[in-house]
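Below you'll find the structure, written out as structure tokens, and then a few comments.
Numbering (my numbering), first residue to last: 10 to 268.
What follows is the structure, given as structure tokens:
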């Protein structure tokens, strides 16, 4: 008998390599994805976010509970909320702080007194009469008052407040905002810093390169700070631009906490 040897067929791989998609199909898929993303509802930016002034994120609490943790601003908040002042956060303190945070759209609303929470309390206290202590000189003309200690800015003419007070952020350590009397000497609406390579919208210069101007992000984030300028929220900087004129006076006093 003549034996024949049959060659076995080569086995196909179990996971064949997929074929590359045609570039036209890829372009259509990308266009469809962009259209779907554009159709999604935009999320409104958070009004205020908590970051404490020692560079640590405010601790998060339980979604349905309360993070009863003591902050550097605990005593101030207890006095403001008319609670027992002991400098230690209790559950009752935490619930009261959390209610305040919810009322003023501060996130996270977890009962921890971060810099945004204390800053909002301080701003509310100053609204009726920001110059109650008489630190900003009263003049017959407009004076832009810059309170470094409370991180507040307002404009007064005589005893009448014509703008603010609004929250601000001044110079960080090593770049302190200069104190004393100054004058608005240059206004540049769409200024770009060639030194720090950053936008400075609604810039109003009063001392060398130091100016009032809008800044992105939160003015309550004190971890960084400015290079000496007075940082404002964009809406506040826009309004201040319309209030102050060239040669208007600026008075800066105090010292920013932590500098």
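The C-beta atom is built at its ideal place from N, Cα and C for all residues, glycine as well.
A quick note: this is a predicted structure, and the numbers were derived from the prediction, not measured.
**OP:** Can you grab the Cα-Cα spacing for the pair residue 206 / residue 267, in whole Å?
**Re:** Counting from 1 along the chain shown, the entry for residue 206 is found at position 197. Counting from 1 along the chain shown, the entry for residue 267 is found at position 258. One C-alpha to the other measures close to 26 Å.
Original post:
Three-state secondary structure (DSSP) at residue 224?
Top reply: If you number the chain shown from 1, residue 224 lands on position 215. Residue state, collapsed to three classes: coil.
Original post:
Which term fits residue 203, buried or exposed, when burial requires 16 or more other beta carbons within 10 angstroms of its beta carbon?
Top reply: Walking along the chain shown from the start, residue 203 turns up at place 194. Classification of residue 203: exposed, given that the 10 Å Cβ count is below 16.
Original post:
Between 186, 213 and 199, which lies nearest to residue 193 when the distance is taken from Cα to Cα?
Top reply: Taking the first residue of the chain shown as position 1, residue 193 is located at position 184. Check the Cα spacing between residue 193 and each of 186, 213 and 199: the tightest is with 213.
**OP:** Indicate the three-state DSSP secondary structure (helix, strand or coil) for residue 151 in the structure shown.
**Re:** Translated into positions along the chain shown, residue 151 becomes position 142. It is a strand residue.
Subject >> C-beta atoms of residue 126 and residue 98 nearer than 8 Å >> reply: Translated into the one-based positions of the chain shown, residue 126 becomes position 117. Translated into the one-based positions of the chain shown, residue 98 becomes position 89. No, the Cβ-Cβ distance between residue 126 and residue 98 is not below 8 Å.
**OP:** Buried or exposed for residue 180, please, with buried defined as at least 16 other CB atoms from any protein chain shown within 10 angstroms of its CB.
**Re:** As a working mapping, residue 180 is identified with position 171 in the chain shown. So residue 180 counts as buried.
Original post:
Is residue 106 buried or exposed, if buried means 16 or more other CB atoms sit within 10 Å of its CB?
Top reply: Taking the chain shown and counting its residues from 1, the one referred to as residue 106 is at position 97. So residue 106 ends up on the buried side.
**OP:** Grab me the residues of residue 75's own chain with a C-beta within less than 7 Å of its C-beta, minus the 5 sequence neighbours each way, in chain order.
**Re:** Walking along the chain shown from the start, residue 75 turns up at place 66. Answer for residue 75: 100, 103, 104, 107, 119 and 120, listed in chain order.
Subject >> For residue 265, the nearest candidate out of 143, 114, 92 and 188 (CA to CA) >> reply: The count along the chain shown starts at 1 and reaches residue 265 at position 256. If we check each option's Cα against that of residue 265, 188 comes out closest.
Subject >> Beta-carbon proximity of residue 236 to residue 172, cut-off 8 Å >> reply: As a first step, residue 236 is located in the chain shown; it is residue number 227 there, counting from the start. As a first step, residue 172 is located in the chain shown; it is residue number 163 there, counting from the start. Contact flag unset, no.
Original post:
Nearest-angstrom Cα distance between residue 254 and residue 92?
Top reply: By 1-based counting over the chain shown, the position of residue 254 is 245. By 1-based counting over the chain shown, the position of residue 92 is 83. Cα-Cα distance, rounded: 44 Å.
Original post:
How many Å lie between residue 142 and residue 175 at the Cα?
Top reply: Here residue 142 corresponds to residue number 133 of the chain shown, with the count starting at 1. Here residue 175 corresponds to residue number 166 of the chain shown, with the count starting at 1. Distance between the alpha carbons of residue 142 and residue 175: 17 Å.
Original post:
Is residue 260 buried or exposed, if buried means 16 or more other CB atoms sit within 10 Å of its CB?
Top reply: What you label residue 260 is simply residue 251 of the chain shown in a count that begins at 1. Buried is the call here.
Original post:
If we call anything under 8 Å between Cβ atoms a contact, is residue 158 one with residue 263?
Top reply: Stepping through the chain shown from its first residue, residue 158 is reached at position 149. Stepping through the chain shown from its first residue, residue 263 is reached at position 254. Yes. Within cutoff.
**OP:** Look at the alpha carbon of residue 96 and the alpha carbon of residue 83, and state the distance between them as a whole number of angstroms.
**Re:** As a position in the chain shown, residue 96 is number 87, starting the count at 1. As a position in the chain shown, residue 83 is number 74, starting the count at 1. Near 5 Å, if we compare the C-alpha coordinates of residue 83 and residue 96.
Original post:
For residue 240 versus residue 252, is the C-beta spacing smaller than 8 Å?
Top reply: Taking the chain shown and counting its residues from 1, one reaches residue 240 at position 231. Taking the chain shown and counting its residues from 1, one reaches residue 252 at position 243. Contact flag unset, no.
**OP:** Taking only runs that begin and end inside the stretch 109-191, name each unbroken beta strand (DSSP E) of 3 or more residues, in chain order.
**Re:** 151-156, 161-166 and 169-176
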